[in-house]
Amino acid sequence: MITRSDIPLRVINSSPEAILKAKKRTKRSFRQIRTENVFRHTLTIMGLIMVILVLGIMLTLAWQSRLSISTLGPKYLWSKVWDPVQDIYGAWPFLLGTLLTSFLALIISVPFSVSVAIFLGEYHPKGWLPDFLKNAVELIAAVPSVIYGFWALEVLVPYVRKFESAIGVEPVGVGIFSSSLILAVMIIPYAASLGRSMISLVPSHLKEAAYALGATRWEVIRTVVLPYTKSGLFAGILLSLGRALGETMAVTMVIGNTSLIPKNIFAPGNTMASVIANEFTEADKPVYLSALIELGLVLFLVTVVINLIGKKIIDRFTND
Amino acid sequence: MESTILKSRNFNASFGTNHVVKNVNIDIPRNHIIAVMGPSGCGKTTYLRCINRMHELIPGATSNGEMKLNDEDVYQMHPIFVRLKIGMVFQRPNPFPNLSIYDNVIAGYKLNGIKLPKGERDGIVERSLTKVALWKEVKDSLNKKGSFLSGGQQQRLCIARTVAMEPEMILFDEPTSALDPISTSTVEELFHELKANYTLVIVTHNMQQAARVSDKTAFFYMGELVEYDETKIMFTNPKDNRTQNYITGRFS
Chain A
210 MITRSDIPLR VINSSPEAIL KAKKRTKRSF RQIRTENVFR HTLTIMGLIM
260 VILVLGIMLT LAWQSRLSIS TLGPKYLWSK VWDPVQDIYG AWPFLLGTLL
310 TSFLALIISV PFSVSVAIFL GEYHPKGWLP DFLKNAVELI AAVPSVIYGF
360 WALEVLVPYV RKFESAIGVE PVGVGIFSSS LILAVMIIPY AASLGRSMIS
410 LVPSHLKEAA YALGATRWEV IRTVVLPYTK SGLFAGILLS LGRALGETMA
460 VTMVIGNTSL IPKNIFAPGN TMASVIANEF TEADKPVYLS ALIELGLVLF
510 LVTVVINLIG KKIIDRFTND
Chain B
6 MESTILKSRN FNASFGTNHV VKNVNIDIPR NHIIAVMGPS GCGKTTYLRC
56 INRMHELIPG ATSNGEMKLN DEDVYQMHPI FVRLKIGMVF QRPNPFPNLS
106 IYDNVIAGYK LNGIKLPKGE RDGIVERSLT KVALWKEVKD SLNKKGSFLS
156 GGQQQRLCIA RTVAMEPEMI LFDEPTSALD PISTSTVEEL FHELKANYTL
206 VIVTHNMQQA ARVSDKTAFF YMGELVEYDE TKIMFTNPKD NRTQNYITGR
256 FS
């Protein structure tokens with residue numbers, strides 16, 4: 210299709226030579242159209258590959274766990290005992306452990322990530338300190354998780370142990386609480402950087418409207434910036450949650466790895482991801498291996514469901 | 006003798022090293038409409054934003070000199086009180102998109118944490134919307150979002166939001182440059198109504214508008230206040246050559 214902008218304006222009421230020239234230009238735009246088509250098809254193929262990949266992962270997980278699904282049935286999900294030696298497989302302690310650590314980590318990290326987002330997006334977008342802070346926060350995401358796990362084990366856990374004996378619970382140190390703490394640190398950058406870019410996109414004319422009515426900075430943030438960016442902030446938090454649900458290494462190192470249902474948030478436990486990582490190499494029976502893969506499937510589905518719920522909430526925010 | 010509401014003496018404003026408002030001296034009389042005109046980049050908008058201390062919100066922006074509202078130094082007051090006394094309407098209509106029409110009008114009270122009984126709030130909303138000739142058009146859709154209104158209605162809503170705070174002065178930064186001709190004339194008619202209660206300072210690109218609506222006109226050029234006089238005199242018999250050149254269209 211030749212759009213009007215392909216034809217130079219001066220062609221209108223112009224000499225035959227000029228029209229000839231313009232036709233030459235349209236020839237060039239046919240080439241552009243071909244490039245455009247190639248580009249569009251490339252994008253479509255790339256997109257399709259992503260869809261096939263996701264569906265493929267899910268189908269593989271489902272197929273590989275067929276043995277476990279057929280022998281253990283749906284009660285696999287809510288059975289409370291996981292004892293591979295006696296071929297008893299119940300995913301509930303790990304499902305609970307995953308949800309507990311992730312949401313606890315989210316609760317701990319949100320105040321930090323939102324504060325960083327507001328500080329960098331609204332208060333101090335420029336200068337050496339914000340630049341330093343921005344890089345530092347992004348670096349948090351770049352540190353390998355095994356290093357977090359190691360640090361948590363060596364530094365964090367002793368403090369948690371002291372804290373636990375101070376408040377009078379069994380001072381194990383490792384457990385749900387320690388895992389949540391280290392997870393909280395690890396997921397801050399996701400919500401913080403998405404939130405920061407959202408906040409810096411708030412149109413200045415809206416902020417000025419509030420300032421001109423006598424609002425303070427905090428009031429501008431509360432009544433203009435946050436309502437305007439709530440869906441973006443929420444999307445960032447969702448991204449953090451997704452990361453927390455799937456994090457394996459750091460959690461495995463400090464969660465205590467027991468297959469029991471945690472009695473409280475300080476007790477040791479296990480998450481789906483860390484069970485898979487820990488026991489995959491030991492799974493000597495087909496049912497055991499299949500049960501672990503089903504655990505992967507459940508983790509996958511939990512992530513999908515939480516993401517869908519999150520998308521619904523974001524939609525509601527945006528239509529608001 | 007008319008009383009002066011705002012007085013500037015040797016007022017300067019800069020962005021970093023860029024000196025954009027130079028030594029401005031001006032007396033603005035109460036309940037008058039003052040038009041501020043001049044070519045792009047002449048410092049007129051910057052000067053306007055200095056009056057209610059919006060200028061300082063931009064990083065690197067500085068100002069000095071005397072700016073007195075009713076003999077009280079604007080730069081000694083807390084900026085929030087300044088902005089409550091001197092309202093502002095912007096170039097682009099900017100109602101809060103997440104608030105209803107009703108809440109937009111009352112937004113200033115909400116922002117400042119002033120709690121009012123419902124009856125009083127309703128009164129303010131109705132009065133303010135009536136003042137900007139918007140009440141009849143929106144009285145049945147007060148709970149709809151302000152962003153559903155047309156551009157001209159949105160701009161009047163923004164004026165209503167400012168009027169609701171009962172300021173002494175209202176600053177307009179090219180208030181009709183984003184509006185169609187019909188909305189423009191509605192807003193211009195409004196200026197005459199508002200004059201009875203408020204002092205209006207209107208920055209405009211549009212010379213005809215300055216001539217139509219204002220009592221006095223100030224002409225800014227290259228950051229200086231070149232001439233400031235009765236609008237009639239400014240447009241018929243300007244004293245300065247530069248004013249003469251500007252109004253005859255020799256530069257713009």
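So the protein sequences, as listed, match chains A and B. Residue 529, in the working numbering, is where the first sequence stops; the numbers in between run on with no holes. Residue 257, in the working numbering, is where the second sequence stops; the numbers in between run on with no holes. Glycine residues also receive a C-beta, built at the ideal position from the N, C-alpha and C atoms.
Within 8 Å, strictly: CB atoms of residue i and residue j
i	j	result
B:K90	B:L11	no
B:A223	B:R97	no
A:P320	A:L329	no
A:I385	A:I297	no
A:A500	A:S277	yes
B:I259	B:I111	An answer regarding residue 259 of chain B cannot be provided, because it is not within the stretch 6 to 257 covered by chain B.
A:A453	A:A314	yes
A:H333	B:N99	no
B:H24	B:N15	no
A:Y285	A:G265	no
A:P471	A:L309	yes
B:F196	B:I38	yes
B:K50	B:V206	What sits at residue 50 of chain B in the sequence shown is Thr, not Lys. Against a cut-off of 8 Å, the Cβ pair of B:V206 and B:T50 comes out as no contact.
B:V192	B:G151	no
A:I349	A:P398	yes
B:F225	B:G48	yes
A:M407	A:G441	yes
B:N30	B:S19	no
A:I396	A:S318	yes
A:I515	A:L450	yes
B:L162	B:N109	yes
A:F475	A:V381	yes
Outcome for residue i when other beta-carbon atoms lying within 10 angstroms are tallied against a minimum of 16
i	result
A:R219	With a pLDDT of only 47 at A:R219, under the threshold of 50, the placement of this residue in the model should not be trusted; the figure read from the coordinates follows. Exposed is the call here.
A:R275	exposed
B:H60	buried
A:S279	exposed
B:K136	buried
B:K244	exposed
A:G423	buried
B:P227	The sequence given here places Met at residue 227 of chain B; Pro does not occur at that position. Exposed, since its Cβ has fewer than 16 Cβ neighbours within 10 Å.
B:Q160	buried
B:R93	The sequence given here places Met at residue 93 of chain B; Arg does not occur at that position. Classification for B:M93: buried.
A:P353	exposed
A:S224	exposed
A:W291	buried
A:P302	buried
Residue i Cβ short of 7 Å to the ligand ATP heavy atom set
i	result
A:M462	You won't find the ligand ATP in this model; it holds no ligand whatsoever.
Contact with chain A by residue i, beta-carbon distance below 8 Å
i	result
B:P180	no
B:R161	no
B:L74	no
B:A112	yes
B:R217	no
B:M42	no
B:I85	yes
B:M170	yes
B:N103	yes
B:R255	no
B:R166	yes
Any chain B beta carbon closer than 8 Å to residue i
i	result
A:T425	yes
A:K520	no
A:E428	yes
Under 9 Å by beta carbon: chain D residues contacting residue i
i	result
B:L195	Absence of chain D from the displayed structure is noted, the protein chains being A and B.
| message | Along the stretch 431-443 of chain A, where does the CB come closer than 8 Å to a CB of chain B? Name the residues. | response | T432, V433, P436, Y437
| query | Using 8 Å as the threshold, is the stretch 130-148 of chain B in touch with the stretch 67-84 of chain B, meaning 3 or more CB pairs across them? | reply | no
| For the 8 Å Cβ check, are there 3 or more pairs between the stretch 362-370 of chain A and the stretch 423-431 of chain A? | no
| Along the stretch 409-421 of chain A, what residues have a CB closer than 7 Å to any CB found in chain B? | H414, L415, E417, A418, A419, Y420, A421
| request: Determine which residues of the stretch 87-100 of chain B have a Cβ less than 7 Å from any Cβ of chain A, and write them out in chain order. | output: R88, L89, G92, M93, F95, R97, N99
| Positions along the stretch 312-335 of chain A whose CB lies within less than 8 Å of some CB in chain B | K335
| field | Given 8 Å, three or more beta-carbon pairs between the stretch 400-407 of chain A and the stretch 371-381 of chain A | value | no
| request: Return the residues of the stretch 393-407 of chain A that lie within a Cβ-Cβ distance of less than 9 Å from chain B, sorted by chain order. | output: none
| Using a Cβ cut-off of 9 Å, which residues of the stretch 115-147 of chain B contact any Cβ in chain A, in chain order? | Within the stretch 115-147 of chain B, the qualifying residues are K115, L116, N117, G118.
| task | Please confirm if the stretch 477-493 of chain A is in contact with the stretch 444-461 of chain A, defined as three or more CB-CB distances below 8 Å between the two stretches. | result | In short, these stretches touch, since the Cβ pair count reaches three.
| request: Could you list the residues in the stretch 53-83 of chain B with a C-beta less than 8 Å from some C-beta on chain A, going in chain order? | output: N57, M59, L62, P64
| message | Taking 8 Å as the cut-off, does the stretch 173-189 of chain B touch the stretch 52-70 of chain B (at least 3 CB pairs, one atom from each stretch)? | response | yes
| request: Would you check if the stretch 40-47 of chain B and the stretch 212-221 of chain B touch, i.e. whether three or more CB-CB distances between them fall below 8 Å? | output: yes
| message | Against chain A, which members of the stretch 231-245 of chain B pass a CB distance test of less than 8 Å? | response | none
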